[in-house]
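Residue numbers (my numbering): 6 to 271.
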C-alpha cells in the first residue's frame, strides 16, 4: 500500500462491545444469485446506508435472524467478504467491518484510472451505433434516478453506466476487477448519504464523459473519465481522512499527497 503519514493512518479504536443489530432485508432463494451472494450484497448496502459501520461488533446469528435465513449462507457470505479483507472476525465475539484507509482508496482509483480511461477511449472509437444508444439510455437512466432524489438508485445507475462503458470496450476481466474494487470502496463507512454528492451533481459529473463517447471523441472521453475518477477519489480520500479524525486543516494537503503518490506515472 502507498505510505501515508501517521496522522492519516493511525488505527481506530477497538470494536464496541455488544453485537449491534443492523436493519437488513430478508433474502430468498433465487436462480440468479445464491443466498451467500445476496447476503454479501445486503451487507454492502447496509454499510453504504450507514446501518453497519466499523468499530461495532455484529453477530452471525443476529444477521441470520433479521435476514430470515439460516446461519450457513450468512457465514459463507461473510467468509467471502473476510477473504477480500472487508470484514474481520473476532473469535467468540462476532465480526466487524474493516475501515478502508485513505491509501486504499487512492490505490483503488489509480487502478480504475488505468483500466477505465483507455476503456472510455476504446468505447468511443469502436462502439456500434446500437451500443452508443445503450450508453445514451444508461445516461438518461442516471439522470432519471437523480431526479427522483433516490441516492441508492442514482448510485446503482452510476455503476451501471461505468460497467457498460467497460463492457463495450471488450475486456471482461476489467469489468470484473472494477466491480471488486467498487465493492471495496463501498465498505468505506463514509460512503453513505452524507459522504456522497447529491444525485443531480453525481449525474452531471458524467455529462462531459458521455457526450465525448457519443461524439466518438476518443481523447475527450479519456480525459473526462480521468477527471471524473480523480474528483471522486479526492473526495473519498478526504472523507476517509476525516473518518480517522485528521485535523481539518491537514485534510486538504494530505489528500493531495496521498492521491499524487498513488497516481504518479498513470
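Every residue gets a Cβ at the ideal spot worked out from N, C-alpha and C, and that includes glycine.
If residue i sits next to residue j, beta carbons under 8 Å apart, how far is it from one beta carbon to the other, in whole angstroms?
i           : j           : result
residue 173 : residue 228 : Incorrect: roughly 18 Å between the Cβ atoms, too far for contact.
residue 267 : residue 115 : 4 Å
residue 160 : residue 113 : Contact doesn't hold; Cβ gap of about 16 Å is too wide.
residue 117 : residue 183 : 6 Å
residue 151 : residue 205 : 5 Å
residue 139 : residue 120 : Their Cβ separation, rounded to whole angstroms, is 20 Å, which puts residue 139 and residue 120 out of contact at 8 Å.
residue 242 : residue 111 : 6 Å
residue 78  : residue 40  : 4 Å
In this structure, what does DSSP give as the bridge partners for residue i?
i          : result
residue 92 : 102
Under a Cβ-count criterion, where at least 16 other Cβ atoms within 10 Å of its own Cβ denotes burial, should residue i be classed as buried or exposed?
i           : result
residue 143 : buried
residue 75  : exposed
residue 107 : buried
residue 199 : The pLDDT assigned to residue 199 is 44, lower than 50, so where the model puts this residue is not dependable; a value taken from the coordinates is nonetheless given after this. By the 10 Å Cβ count, residue 199 comes out exposed.
residue 340 : The structure shown has nothing for residue 340, since the chain only spans 6 to 271.
residue 269 : exposed
residue 163 : buried
residue 3   : In the structure as shown, the chain begins at 6 and stops at 271. Residue 3 is therefore absent and cannot be evaluated.
residue 3   : What the structure shows of the chain is the stretch from 6 to 271, and residue 3 is not part of that stretch, so it cannot be assessed.
residue 181 : exposed
residue 258 : exposed
residue 51  : buried
residue 66  : exposed
residue 192 : buried
residue 48  : buried
residue 149 : exposed
residue 22  : Reliability of the predicted coordinates at residue 22 is poor, the pLDDT of 49 falling under 50, and the value obtained from them is presented with this limitation in mind. Exposed is the call here.
residue 254 : exposed
Please confirm if residue i has its CB atom under 8 Å from at least one CB of chain D.
i           : result
residue 248 : The structure shown has no chain D; it contains just one protein chain.
Is there contact between the stretch 159–177 and the stretch 116–125, where contact requires at least three CB pairs shorter than 8 Å? yes
Which full runs of the alpha helix (DSSP H) of 4+ residues lie inside the stretch 142–210, going along the chain? List check, alpha helix (DSSP H) in window: 156–173, 177–191 and 204–209.
Given 8 Å as the limit, is there contact between the stretch 243–252 and the stretch 98–107, that is, 3 or more CB pairs closer than that? yes
Hey, is the stretch 82–91 in contact with the stretch 44–51, meaning 3+ C-beta pairs nearer than 8 Å? yes
Is there contact here, the stretch 53–60 with the stretch 97–104, by at least three beta-carbon pairs under 8 Å? yes
Pair every Cβ in the stretch 208–216 with every Cβ in the stretch 229–247, then say whether three or more of these pairs are closer than 8 Å. yes
Which whole runs of the alpha helix (DSSP H) in the stretch 61–85 are 4 residues long or more, in chain order? 65–71
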